[in-house]
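With our numbering as the guide, the letters of the sequence shown map in order to residues 3 to 149. We put the CB at the ideal spot given by N, CA and C, even for glycine. Encoded as structure tokens, the structure appears first; notes follow it.
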Amino acid sequence: MNIKKKFILGIIINLISIGVIYVTMNKYATEISANCIDCSYMQDVLINSISILLFPIIYVSSKFINNKNFFVLIVSLYAIINVFVGQIGIFNSRIGSWSSYSYTDIIIGVFLEQYFNLIMILVVFILTIKLWNIQTKFTDCNNAFFK
Numbered sequence: 003m004n005i006k007k008k009f010i011l012g013i014i015i016n017l018i019s020i021g022v023i024y025v026t027m028n029k030y031a032t033e034i035s036a037n038c039i040d041c042s043y044m045q046d047v048l049i050n051s052i053s054i055l056l057f058p059i060i061y062v063s064s065k066f067i068n069n070k071n072f073f074v075l076i077v078s079l080y081a082i083i084n085v086f087v088g089q090i091g092i093f094n095s096r097i098g099s100w101s102s103y104s105y106t107d108i109i110i111g112v113f114l115e116q117y118f119n120l121i122m123i124l125v126v127f128i129l130t131i132k133l134w135n136i137q138t139k140f141t142d143c144n145n146a147f148f149k
């Protein structure tokens, strides 16, 4: 898989992640953000989505992981963790900062509220990466071997 495909895949996964955070946390859109009082909900989502940098993990994992299925799983889990961190950020800025939630309460509350969505999104990420037809070193070696 060349660097252009890796970069495009990273952008696609980032856009899906931002969309997922926006949709799954939309019920807090009317709440005021403690991080940025004048910010809209979309601005708050973008601020909390900045941590989603998948291109480096895609590039590094494609260099060192030879098993295609393991590569798909690693990238998908990394994307889900970033979505979860973004959801925690939205909940913390719009609900948790205005209340007496501890950070543990915030993590547990967001997980219990979003676990089904996270499972469904994991499936979406796996299917997206599989459909993108990622070729790792393992596939490239097999193609070179059979030529």
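Residue i, enclosing alpha helix (DSSP H) - first and last residue
i, result
"leucine 98", "Note that residue 98 is glycine in the sequence shown, not leucine. Premise fails: glycine 98 is in no alpha helix (DSSP H) and is neither H nor E."
"asparagine 50", "43-50"
"tyrosine 117", "105-133"
"asparagine 16", "5-26"
As assigned by DSSP and simplified to three states, the class of residue i
i, result
"alanine 36", "coil"
"alanine 31", "coil"
"asparagine 71", "helix"
Same chain, Cβ closer than 6 Å to residue i, neighbours up to 5 away in sequence not counted
i, result
"asparagine 94", "Ile108"
Among the options, the one whose alpha carbon lies nearest that of residue i
i, options, result
"isoleucine 34", "Ile20, Trp100, Ser78", "Trp100"
"asparagine 28", "Leu79, Gly88, Asn37", "Gly88"
"cysteine 41", "Val126, Arg96, Thr130", "Arg96"
"lysine 132", "Ile5, Lys6, Leu11", "Leu11"
Distance cut-off 8 Å: residue i Cβ against heavy atoms of the ligand ZN
i, result
"serine 51", "The ligand ZN is absent from the structure shown, which contains no ligand whatsoever."
Residues near residue i in its chain [Cβ-Cβ closer than 7 Å; skip 5 each side]
i, result
"alanine 31", "Tyr43"
Cβ-based neighbour list, residue i, same chain, cut-off 8 Å, excluding 5 preceding and 5 following
i, result
"isoleucine 128", "Val74, Leu75, Ser78"
Review point. Is it a yes or a no for the region 65-79 touching the region 23-43, going by three-plus beta-carbon pairs under 8 Å?
Key: no
Check your understanding: Just checking, does the region 37-50 make contact with the region 106-121 on the three C-beta pairs under 8 Å criterion?
Key -> no
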